[in-house]
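Working notes, structure below.
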Amino acid sequence: MLLSVIMPVYNREAFVGAALRSLLRQRSAADLDIIVIDDGSTDGSAEAVRAMMGEAPCIRLCQQENMGVTRARNSGLGQLKPETELVSFLDSDDISPAGRFEADLDLFRKNPSLDLTYSRMMLVDRIDDETLEPAPGSNSITVRGIHLSAAIFSRRLVDRVGGFDEDFIQAEDTDFLLRSFEVDPRYMLADTLALYYRRHAGNMTRQEDVQSREFMRAIYKSMKRRRANPSLKPIEGIFELKKLADWRFM
77 MLLSVIMPVY
87 NREAFVGAAL
97 RSLLRQRSAA
107 DLDIIVIDDG
117 STDGSAEAVR
127 AMMGEAPCIR
137 LCQQENMGVT
147 RARNSGLGQL
157 KPETELVSFL
167 DSDDISPAGR
177 FEADLDLFRK
187 NPSLDLTYSR
197 MMLVDRIDDE
207 TLEPAPGSNS
217 ITVRGIHLSA
227 AIFSRRLVDR
237 VGGFDEDFIQ
247 AEDTDFLLRS
257 FEVDPRYMLA
267 DTLALYYRRH
277 AGNMTRQEDV
287 QSREFMRAIY
297 KSMKRRRANP
307 SLKPIEGIFE
317 LKKLADWRFM
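Per the numbering used here, the sequence shown runs over residues 77 to 326.
Here it is, written out as structure tokens:
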């Protein structure tokens, strides 16, 4: 069961090695195909990836001009192998917790008709890049938020949903998830911890005005689709948005 993990990278030299190591430590649990899309980085991101490829042939590096994260994700989808059965994502500054794939892939093995697993995420402000775990004394919260890395998609669902909407600067992941749930997939809300989301000064989501505008646009597009096509399903009871909105890092 080949799992392709798509990782867009733009100027993440300081973080991408840890992100990749967090995937590689799970090779015994998953037949991994790691697709790194370097989106025109101007730092040493590509070199950091290449340094790991010699000992990890499951890593593939594809480089392109800087076109933004949405097009980078679509480039990753374009690199899927014919034999890819499952698709997931990991941002280059985040961490995939140990045991995540072992737990969630077992759900697909037991349920061949399963289209999607959607797990929990931990937002954390400090990660130890040696242990790949939250650093002692870090601030954190665990939620079922809106994040691509919380999901593992069947290839048939990805093909059904299509690519990312390149009209989005941000919230392309929100739009993709909404479209995935709207088509009424067979899904499970797993209790697995799917990722450590690293909070730092360079997060794209720190651009709060852009984030809010793009998020609301994704919600509006979902409403328009469901009005135009009543067979599409509303997204209710999945994302813990209120819990997340009420919490702040110090």
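Each residue gets a CB set at the ideal place from its N, CA and C atoms; glycine is no exception.
- For Phe257, the uninterrupted alpha helix (DSSP H) run begins and ends at Glu248 to Glu258, by DSSP.
- For Leu100, the uninterrupted alpha helix (DSSP H) segment begins and ends at Val92 to Leu100.
- Relative to the Cα of Asp201, the nearest Cα in the group Arg255, Pro212 and Ala148 belongs to Pro212.
- Note that the C-beta distance between Asp260 and Ala294 is not below 8 Å.
- Residue environment for Arg255: buried (at least 16 other C-beta atoms within 10 angstroms of its C-beta).
- With at least 16 other beta carbons inside 10 angstroms of its own, Leu181 counts as buried.
- Around the beta carbon of Asp285, a 10 Å sphere encloses fewer than 16 other beta carbons of the protein chains shown; the residue is thus reported as exposed.
- Residue nearest to Gln139 within the set Ser121, Arg103, Val237 and Pro133 is Ser121 (criterion: CA-CA distance).
- Non-local beta-carbon contacts of Tyr273 in its own chain, meaning distances under 6 Å to residues more than five positions away in sequence, involve Asp170, Met197 and Leu199 in chain order.
- DSSP places Met77 outside both helix and strand once states are collapsed to three, so it counts as coil.
- In the three-state reduction of the DSSP assignment, Glu316 falls in the coil class.
- Each residue's CA atom was taken as its position, placing Ile222 and Leu317 some 8 Å apart.
- Ranking Glu206, Ala94 and Cys134 by CA distance to the CA of Leu156 puts Cys134 first.
- A direct Cα-Cα distance of roughly 13 Å separates Asp115 from Glu89.
- Checking the DSSP bridge columns, you'll see Asp204 partnered with Glu209.
- Annotation for Leu271: the continuous beta strand (DSSP E) segment containing it runs Tyr263 to Arg274.
- Put simply, the backbone Cα of Asn305 is about 10 Å away from that of Met299.
- The C-beta distance from Arg289 to Glu258 rounds to 21 Å, too long to meet the 8 Å contact threshold.
- Less than 8 Å separates the beta-carbon of Ile82 from that of Gly152.
- Rounded to the nearest angstrom, the Cβ distance from Leu190 to Met77 is 12 Å, too far for a contact under 8 Å.
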